[in-house]
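Its first residue numbered 0, the sequence shown is counted upward by one per residue in numbering that gives the first Met the number 0. We treat Cβ as the ideally placed atom computed from N, Cα and C, and that holds for glycine. The structure appears right after this line, and notes come after that.
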Amino acid sequence: MAEQALKGHPDIFLTIRRSAQARRITLRISQLDGRVSLTLPKDITEVVAIEFAQQKAPWIRKHLECRLQNVFVGIGKEIPISGRMRLISKGLGRSVQLKDECFYVPGHEATVPRKVLGYLKVLARDRLAAASDYYASKLGYSYSGISIRDTRSRWGSCSSAGRLMYSWRLVMAPPDVLNYVAAHEVAHLAHMDHSPKFWKEVKTIFGPYKDQRQWLRIEGTALHRYRFDD
0 MAEQALKGHP
10 DIFLTIRRSA
20 QARRITLRIS
30 QLDGRVSLTL
40 PKDITEVVAI
50 EFAQQKAPWI
60 RKHLECRLQN
70 VFVGIGKEIP
80 ISGRMRLISK
90 GLGRSVQLKD
100 ECFYVPGHEA
110 TVPRKVLGYL
120 KVLARDRLAA
130 ASDYYASKLG
140 YSYSGISIRD
150 TRSRWGSCSS
160 AGRLMYSWRL
170 VMAPPDVLNY
180 VAAHEVAHLA
190 HMDHSPKFWK
200 EVKTIFGPYK
210 DQRQWLRIEG
220 TALHRYRFDD
């Protein structure tokens with residue numbers, strides 16, 4: 000893996016990789032951090048790859064300009080919860096409250112991001128545990144535990160030991176999307192692959208899942224733009 004820079008306004012930083020499976024040069028721009036990567040077949044030189052990227056430079060810069068900007072969570076900002084935008088507002092008392100279209104957070108403004116994050120993680124764990132219990136019961140299997148993380152490469156996983164892992168950011172997605180991911184990972188308790196039998200199991204315990212998968216492909220990346228740090 001190598002890195003190169005295309006000079007311009009702004010500079011474009013490229014990560015160049017080779018793949019034995021690649022048949023042509025492919026260019027990808029990450030929606031998460033704007034990184035530009037080129038994947039090359041073994042018989043293509045880096046010089047050719049850079050020339051290819053130079054030809055695409057105007058398109059790359061235009062795409063980077065349109066990329067979703069990060070939202071730094073705080074009072075006055077909106078954040079999705081269960082697929083609905085909620086306005087973060089100054090709250091009274093001691094506890095965070097979700098009411099109507101608002102997310103009321105008490106205390107000093109500097110503590111708001113931490114409190115919102117803590118609330119979302121607890122809410123995500125509760126909802127994902129309930130969904131996992133429900134689908135595991137339908138499947139007739141049991142899992143060994145659940146963990147909640149802030150993963151970027153996947154929405155969930157199931158280990159060979161039956162431990163389920165989910166991204167807490169699923170709590171920001173519509174409820175049916177969260178439920179689909181739970182059903183998907185629970186189905187791996189029976190089939191540790193993505194074979195036709197696995198997908199049949201997902202459909203059996205969840206139902207048609209095309210819309211939920213499409214939502215994740217199109218809208219899922221945007222959930223990662225909400226930042227809880229400086």
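Leaving out the 5 sequence neighbours to the left and right, which residues in its chain are closer than 6 Å to T38 when beta-carbon positions are compared? R16, S18, A21, T25
Touch test, the segment 139-157 against the segment 184-191, Cβ-Cβ under 8 Å, three pairs minimum: yes
Classify S141 as helix, strand or coil using the three-state DSSP reduction. coil
Can you pull the DSSP bridge partners for L119? DSSP output for L119 lists no bridge partner at all.
Give the DSSP bridge partners of Q96, in chain order. Y103
At the level of alpha carbons, what is the spacing between K114 and G75? 15 Å
Given this structure, state the Cα-to-Cα distance separating Q54 from Y118, to the nearest angstrom. 47 Å
Residue closest to R153, alpha-carbon to alpha-carbon, out of D175, S143, W167, V70: W167
Which of helix, strand or coil does DSSP assign to R155? Checking the sequence shown, residue 155 turns out to be Gly, not Arg. Reduced to three states, the DSSP call for G155 is strand.
Quick one: complete beta strand (DSSP E) runs, 3+ long, within the segment 51-90? 77-80, 83-89
Tell me the DSSP secondary structure of Y208 in three-state form. coil
For G90 and L67, I'd like the C-alpha separation in whole angstroms. 29 Å
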